[in-house]
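Residue numbering for the sequence shown follows the working numbering, starting at 1184 and increasing by one per position. Every residue gets a Cβ at the ideal spot worked out from N, C-alpha and C, and that includes glycine. Reading through the structure tokens given below for one structure.
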Amino acid sequence: MGLFATKPYEVGNSILVEEAYSWVTFRDNGPNICHTCFKFSKSLKKCSQCKFARYCGLDCQKKAWKENSHRWECKAIASSVEAKIPSIVRLAALFLFRALNSNDKDIRLVDRCRSFPYSYSNMDSRSDENDVDVLSRQRVDCLVEDLLRFIRLSHYPQHEVSELFEDNFVASLIRMLEMNAHTIYDSELNTLGVGFFPKASFMNHDCRPNCVALFTGGFHSVSGKPISIHIRCIRPIEAGEEIVISYLDVCLSWMDRLEWLKEHYQFECCCSRCKEESSLTIQQYSEKLVDWKSDWKFMNRMIVLSEREERASNMLRSFEYMNEAWDKCCLCIQTLYPNSPIFHWKQIQIASRLSYLCIVLKKYSQATEYLELYMKLIRDKPEWNYFPTVALEMLKLGKLYAYLGNLASAKKYLEKAKRIYANLVVKEDPIYQNCEKALYKVSIEYDWIVQQAENDVDGQLGIA
Ligand SMILES: [Zn+2]
Ligand SMILES: [Zn+2]
Ligand SMILES: [Zn+2]
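So this is what it looks like as structure tokens:
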């Protein structure tokens, strides 16, 4: 299954806008996010019964109660330790309540779950179960238990759901949502929650996608706007071509993508980019006698340590570990594997992390150096320029230069970022506004300075 274009599309075209069918916010986001429109606010109203659900206003509360099935789940939340309910379990319950309660056409969605393979081993042709399969099956079994408990505690008429609980239906439902639901993030790429979008869920993955998914909702402009997915075209698409997005950060190397997709989606990607990068990698490394895998492991180890220190707020230690990863990566590219795509992408990834750590540590000019390297590394790949991750780095770099007083460079990067965002988001999006405002300020200062310089030159020449 997949989604296919019935007519040609150009860069920036909007291909699909779809409201979420069911959705939940992530618990980690704290108490300040409206559970319906994801608007950030410090004065949200709590649901008087469960004291858990929060809304920015009456419209959002009504929408949650009616459309997102809060009227069924409220009691289940009130009578369980809400901290213990995994997001996917709540999402599955809300999905089920809505699908069972609406008109006939939603039965198609229920049937879609029913036919979904409920365990990893029956997802592909491998018949023998390995340790990973056993572990993931145990994990799904736990989620099934949680979901059954949640539904039993809910207000939903129990006799209507009991028949669905046979033949691994619940496991299929959980697997379907794990594979097909979308993580919801704002335009600064902060994750906010997870939602199920029936049409968008048909889109397959490609590491060289022709579209990107962005989201709009209350965090976006006005309150009460439902969470919607927005699919935008980032390179020309012909009629009949499959519409594909990337399930992961496109700036990851082939090795990292391989591992991530296996862990989260249990498939091996065979897109054109993976084929190119894997054949280059294997060809290159089979000629080398050196053990590249030990370098690779060392880098990953440093990155893991850096992330651990970051979580513990030891930013300086985190920076030091990331620096070690960087040194190793540069050494590998310079001396051992100059054309290697996997080390090349790793370098892009580390440069981005280092620039972030530099900003946290207030090493602003060093941060611009890493971001310049990032831009240099990404420059020979024009098709990557339309990714929200790249646009965000450009915006950051532009703002850093503005802060440091390098107005010419600030203007250059802010203009680039604005150009990309114009194709990705609507003009009301906070990131677009943010970009436009920064560019406006920088342009005024820049023009003034240029004007002054011209006046000075003219003055010296005795013209004015
Ligand atoms: Zn709201
Ligand atoms: Zn409630
Ligand atoms: Zn791929």
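What are the boundary residues of the alpha helix (DSSP H) that residue i is part of?
i	result
Ser1205	Note, Ser1205: premise wrong, no alpha helix (DSSP H); beta strand (DSSP E) at 1205 to 1208.
Thr1551	1547 to 1562
His1658	Summary: the structure shown does not reach residue 1658, with the chain confined to residues 1184 through 1647, and so no result is reported for it.
Leu1292	1290 to 1297
For residue i, does the three-state DSSP call read helix, strand or coil?
i	result
Leu1375	strand
Arg1309	For Arg1309, the pLDDT reaches just 48, beneath the cut-off of 50, and the residue's location in the model is therefore unreliable, leaving the point undetermined.
Thr1518	helix
Asn1251	coil
Phe1348	helix
His1365	strand
Phe1280	helix
Asn1497	coil
Phe1380	coil
Tyr1339	coil
Arg1484	helix
Lys1190	coil
How far does the beta strand (DSSP E) with residue i in it reach, from first residue to last?
i	result
Val1395	1394 to 1399
Given a cut-off of 8 angstroms on the beta-carbon distance, is the pair residue i and residue j in contact?
i	j	result
Gly1376	Phe1187	no
Cys1416	Tyr1192	yes
His1338	Trp1255	yes
Gln1532	Leu1431	no
Pro1524	Leu1463	yes
Gly1185	Glu1425	yes
Leu1590	Ile1632	yes
Phe1278	Arg1358	no
His1253	Ala1276	no
Ile1260	Cys1233	yes
Met1498	Val1543	yes
Val1608	Ser1411	no
Leu1331	Val1353	yes
Asn1393	Ile1414	no
Phe1526	Cys1512	yes
Leu1587	Tyr1539	no
Leu1274	Phe1379	yes
Arg1391	Arg1456	yes
Met1362	Val1427	no
Spell out whether any CB of chain C is found under 8 angstroms from the CB atom of residue i.
i	result
Cys1454	The question asks about chain C, but that chain is absent: this structure has only one protein chain.
For a test of your reading of the model: does the CB of residue i fall under 7 angstroms from any non-hydrogen atom of ligand 5? Yes or no.
i	result
Thr1399	For the structure depicted, ligand 5 is absent and the ligand set comprises only ligand 1, ligand 2 and ligand 3.
(message) To test your reading of the DSSP string, which unbroken alpha helix (DSSP H) runs of 4 or more residues are found completely within the segment 1565 to 1637?
(response) 1571 to 1587, 1590 to 1607
(message) What ranges does the alpha helix (DSSP H) occupy inside the segment 1402 to 1482, keeping only unbroken runs of at least 4 residues that lie completely in it?
(response) 1437 to 1448, 1455 to 1470
(message) Can you tell me which residues fall inside 5 angstroms of ligand 2, judged by beta-carbon distance to its nearest heavy atom, and keep chain order?
(response) Cys1230, Gln1232, Cys1233, Ala1236, Cys1257
(request) Can you check the segment 1197 to 1248 for any alpha helix (DSSP H) of at least 4 residues that lies completely inside it and give the ranges in chain order? (result) none
(message) Considering only heavy atoms of ligand 3 and the C-beta of each residue, which residues fall inside 5 angstroms, strictly closer?
(response) Cys1390, Cys1452, Cys1454, Cys1457
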